[in-house]
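**Student:** Submitted below is the structure of interest, expressed as C-alpha cells.
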Amino acid sequence: MGETWELGTDVAWLREFCDYWRALHDWAATEDRFNRYENLRWDGLHVTRIAAEGDRVPVVLLHGWPSGPIEYLTAAEILAAGGYTALVPSLPGFGWSEGPGEPLAIRGVAERLHALVCDGLGVERYVVAGGDWGAPIAARMAQNAPETVVGLYVTTPGVLPVPGDLSNLSEEEQRFVETGTRWRRRHGHHLVLQGAAPDVVSPALNDSPAGLAAYLVDKY
Numbered sequence: 005m006g007e008t009w010e011l012g013t014d015v016a017w018l019r020e021f022c023d024y025w026r027a028l029h030d031w032a033a034t035e036d037r038f039n040r041y042e043n044l045r046w047d048g049l050h051v052t053r054i055a056a057e058g059d060r061v062p063v064v065l066l067h068g069w070p071s072g073p074i075e076y077l078t079a080a081e082i083l084a085a086g087g088y089t090a091l092v093p094s095l096p097g098f099g100w101s102e103g104p105g106e107p108l109a110i111r112g113v114a115e116r117l118h119a120l121v122c123d124g125l126g127v128e129r130y131v132v133a134g135g136d137w138g139a140p141i142a143a144r145m146a147q148n149a150p151e152t153v154v155g156l157y158v159t160t161p162g163v164l165p166v167p168g169d170l171s172n173l174s175e176e177e178q179r180f181v182e183t184g185t186r187w188r189r190r191h192g193h194h195l196v197l198q199g200a201a202p203d204v205v206s207p208a209l210n211d212s213p214a215g216l217a218a219y220l221v222d223k224y
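Our numbering numbers the first residue of the sequence shown as 5 and each following residue consecutively.
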C-alpha cells in the first residue's frame, strides 16, 4: 500500500464518507433545493430552469464528468439574481436525463442539447458555458449555431493529446504541457479506461456504491 491518497482514495477516509452519506446527509434538503425551481423534460432530457425577469439572453450551464446539474445551481441562482434566466440540463445519461441508447460523441450531445434549448424551450438566442466534458460540448454548440449561440465560456482548456512537435514551444508553454502530462499519468487514467473499454468497469461501479464513491472521490 502507498501513502495515504498517494495511490487513490484513502480507505479509512472512504469509510467515514460512506457512513455520512448513508446515515447523516439530508437528502430531503437536496430534493427541496431542486424542487423550488422548474424541472422540465423534453425528448428524454431533463433541465432545471431558474427564471429571471426581463429579456436578457438566457445562459445554459453544462456540467461534465463526474458531475451533475446540482454543481451549477449556485451559479444559476447568481445569474438569475442578475437578470439572466439560467438553464441547467442533465447531460444524456446523467442526472435525470435518459440514456441515449447508443454511444454519443461530442457532436451528438451538442446537437441534442441545442434542440432541447431551441425546440424544447423555445429559446432563440443563448449563451452557453461548460466545464470538463461540458466544455467541448459547449464549444461545439457555439460552432454549430453561431447565429443562435451569442456567447461561449469554458473552464477546461486542455493539453490532451500532447502536441507531436514540442520544439517551438516557449518555456511557459512547455511547462503547461508537462503539467498536463503529469496530470494524465496520475489523475487521467479514467480517460483511457472509459474511452477504450467502459463496460469493463461500469458493472462494478454500478454494483458497489462504495466502489463508485472511491472512484469519483479520486477524481474530485
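Just so you know, even glycine gets a beta-carbon here, dropped at the ideal spot from N, CA and C.
(1) Cα separation between residue 163 and residue 131?
(2) So residue 51 packs on residue 92, CB below 8 Å; how close in whole Å?
(3) Let's see if you can read the secondary structure: which residues bound the alpha helix (DSSP H) around residue 193?
(4) Note down the Cα distance separating residue 48 from residue 171, rounded to an integer number of angstroms.
(5) Just list the residues that DSSP pairs residue 77 with in beta bridges.
(6) Let me know the secondary structure DSSP gives residue 55 once reduced to three states.
(7) Could you please give me the residues that DSSP links to residue 43 through a beta bridge?
(8) Measure how close the beta-carbons of residue 41 and residue 63 come, nearest whole angstrom, since I'm counting them as under 8 Å.
(9) Please state whether DSSP places residue 109 in a helix, a strand or coil.
(10) Bridge partners for residue 127 per DSSP, in chain order?
(11) How would you write the range of the beta strand (DSSP E) that residue 157 sits in, first residue to last?
(12) Indicate whether the contact test is met: 3 or more Cβ pairs, each with one atom in the stretch 12-27 and one in the stretch 204-218, closer than 8 Å.
(13) For the stretch 123-140 against the stretch 55-70, do three or more pairs of beta-carbon atoms, one drawn from each stretch, fall closer than 8 Å, so that the two count as touching?
(14) Please classify residue 72: does DSSP put it in a helix, a strand, or coil?
(15) One question on the structure: do residue 2 and residue 221 come within less than 8 Å of each other, judged by their Cβ atoms?
**Tutor:** Concretely, from the data shown:
(1) Unreliable placement is indicated for residue 163, whose pLDDT of 48 sits below 50; no coordinate value is reported for it.
(2) Beta-carbon to beta-carbon, residue 51 and residue 92 are separated by about 7 Å, close enough to satisfy the 8 Å threshold.
(3) For residue 193, the enclosing alpha helix (DSSP H) stretches over residues 193-200.
(4) Roughly 48 Å between the two C-alpha positions.
(5) Residue pairing from DSSP leaves residue 77 without any beta-bridge partner.
(6) Coil, per DSSP.
(7) 52.
(8) The Cβ separation is near 14 Å, so there is no contact.
(9) Residue 109 sits in coil when the DSSP states are folded into three classes, being neither helix nor strand.
(10) Per DSSP, none; premise fails for residue 127.
(11) Looking at the DSSP string, the run of the beta strand (DSSP E) that includes residue 157 is 153-158.
(12) Yes, the stretch 12-27 touches the stretch 204-218.
(13) Taking 8 Å as the limit for Cβ pairs, the verdict is that the stretch 55-70 does touch the stretch 123-140.
(14) Residue 72: coil per DSSP, three-state reduction.
(15) It is not possible to answer for residue 2, since the shown part of the chain is limited to 5 through 224.
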